[in-house]
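Numbering (the numbering used here), first residue to last: 309 to 538. As C-alpha cells, the structure follows; a few thoughts come after it.
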C-alpha cells in the first residue's frame with residue numbers, strides 16, 4: 309500500500325526534528341509532501357515535493373497535500389515532531405497485516421521532565437485510549453478512503469486534530485502504534501511549563517464552548533508564531 313508523508317510548514321522553516329525525517333527519507337521510496345506558506349522553501353532534495361499554499365491553517369495545507377497524491381494512506385507529520393524510519397516501516401508492516409483505518413504514534417517530548425512525561429502519558433493512555441483524541445504531534449495516520457469519506461480535516465485554525473479525531477472515532481477505533489513520535493517542547497521552554505499547561509487547558513475548554521478558532525489560535529501563537537503568522 310502506497311504511503312504518503314505530509315507535513316505543513318511556515319516560511320520555509322524546517323525544524324531540527326523534521327530535518328532528521330528528511331535525512332532518512334532520502335534512503336527510502338516513500339512519497340513526501342511539504343506544504344509551505346509564506347517565505348519560499350528552497351529544498352535541494354528532488355525526492356520531496358514542495359507545495360505552496362498561502363494560508364494560516366494547517367488543516368488547509370494538509371488537505372491540499374492529500375488531494376495532490378494518489379497514495380492510499382497518509383501520515384501527517386507534525387512540523388516539529390520526529391519519526392524514526394523504523395516507525396514508518398513498522399506502520400507499513402501493520403497496514404499489510406491489519407485493516408487499519410486510522411491511528412497515531414506514541415507521544416513523547418524531546419526533553420524529560422515529570423510534567424512533560426505526565427503530559428505524554430496522559431495523551432497516550434487516558435485521552436487517547438478513552439476519548440480517541442490524538443493531537444497532530446502524535447503524527448496521525450489515516451487511510452485515504454476514510455479521510456475522503458469524512459472530507460478531510462475540518463477547516464479550523466486550531467484544534468483541527470481534535471475535530472478530525474471526533475469524526476474518525478465514529479467510524480472505527482484508533483490504532484496506537486508503539487513507535488514514538490518525539491516532539492519539540494519549544495512552547496513549554498519559551499512560555500514556561502505551568503503557563504503553557506494552563507493555556508492548553510483553557511483553550512481546550514474554549515474549543516468545547518465554541519469560541520472562534522481564529523481567536524484561539526492567535527492566543528496560542530502569541531509570541532511564537534510557530535504554525536501561523538499574525
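All residues carry an ideal CB built from backbone N, CA and C; glycine is no exception.
Could you compute how far the alpha carbon of residue i sits from the alpha carbon of residue j?
{"i": "residue 519", "j": "residue 430", "result": "25 Å"}
{"i": "residue 513", "j": "residue 415", "result": "22 Å"}
{"i": "residue 397", "j": "residue 353", "result": "21 Å"}
{"i": "residue 481", "j": "residue 372", "result": "25 Å"}
{"i": "residue 487", "j": "residue 335", "result": "19 Å"}
{"i": "residue 528", "j": "residue 507", "result": "8 Å"}
{"i": "residue 428", "j": "residue 378", "result": "33 Å"}
{"i": "residue 362", "j": "residue 349", "result": "13 Å"}
{"i": "residue 345", "j": "residue 523", "result": "20 Å"}
With a threshold of 8 Å on Cβ separation, who are the neighbours of residue i within its own chain once the five nearest residues in sequence on each side are excluded?
{"i": "residue 424", "result": "417, 493, 496 and 501"}
{"i": "residue 404", "result": "309"}
{"i": "residue 491", "result": "325, 386, 388, 389, 390, 415, 416, 417, 418 and 445"}
{"i": "residue 376", "result": "341, 357 and 359"}
{"i": "residue 332", "result": "392 and 393"}
{"i": "residue 355", "result": "333, 334 and 340"}
Provide the residue(s) that pair with residue i in DSSP beta bridges, ordered along the chain.
{"i": "residue 339", "result": "312"}
{"i": "residue 381", "result": "311 and 451"}
{"i": "residue 412", "result": "484"}
{"i": "residue 358", "result": "342"}
Have a look at the options and flag the residue whose alpha-carbon is nearest the alpha-carbon of residue i.
{"i": "residue 534", "options": "404, 387 and 367", "result": "387"}
{"i": "residue 463", "options": "345, 364, 441 and 527", "result": "364"}
{"i": "residue 474", "options": "435, 490 and 389", "result": "435"}
{"i": "residue 472", "options": "484, 498, 490 and 444", "result": "444"}
{"i": "residue 461", "options": "366, 339 and 319", "result": "366"}
{"i": "residue 316", "options": "350, 506 and 342", "result": "342"}
{"i": "residue 322", "options": "351, 333 and 339", "result": "351"}
{"i": "residue 532", "options": "509, 498 and 517", "result": "498"}
{"i": "residue 338", "options": "380, 368 and 369", "result": "380"}
{"i": "residue 432", "options": "511, 538, 510 and 489", "result": "489"}
Grab me the residues of residue i's own chain with a C-beta within less than 6 Å of its C-beta, minus the 5 sequence neighbours each way, in chain order.
{"i": "residue 515", "result": "467"}
{"i": "residue 347", "result": "319 and 320"}
{"i": "residue 469", "result": "443 and 444"}
If I measure Cβ to Cβ from residue i and keep anything under 7 Å in the same chain, skipping five residues before and after, which residues do I get?
{"i": "residue 382", "result": "312, 314, 374, 449, 450, 452 and 455"}
{"i": "residue 329", "result": "385, 390 and 391"}
{"i": "residue 440", "result": "473, 477, 481 and 482"}
{"i": "residue 400", "result": "311"}
{"i": "residue 409", "result": "451, 454, 479 and 480"}
{"i": "residue 504", "result": "495 and 496"}
{"i": "residue 525", "result": "465, 466 and 536"}
Notebook entry, point to check: Can you list the alpha helix (DSSP H) stretches of 4 or more residues lying completely in the segment 455 to 503, in chain order?
Noted result: You should have 468 to 476 and 494 to 499.
Item checked: Every unbroken alpha helix (DSSP H) within the segment 416 to 450, with a cutoff of 4 residues, ordered by chain -> 422 to 430, all fully within the segment 416 to 450.
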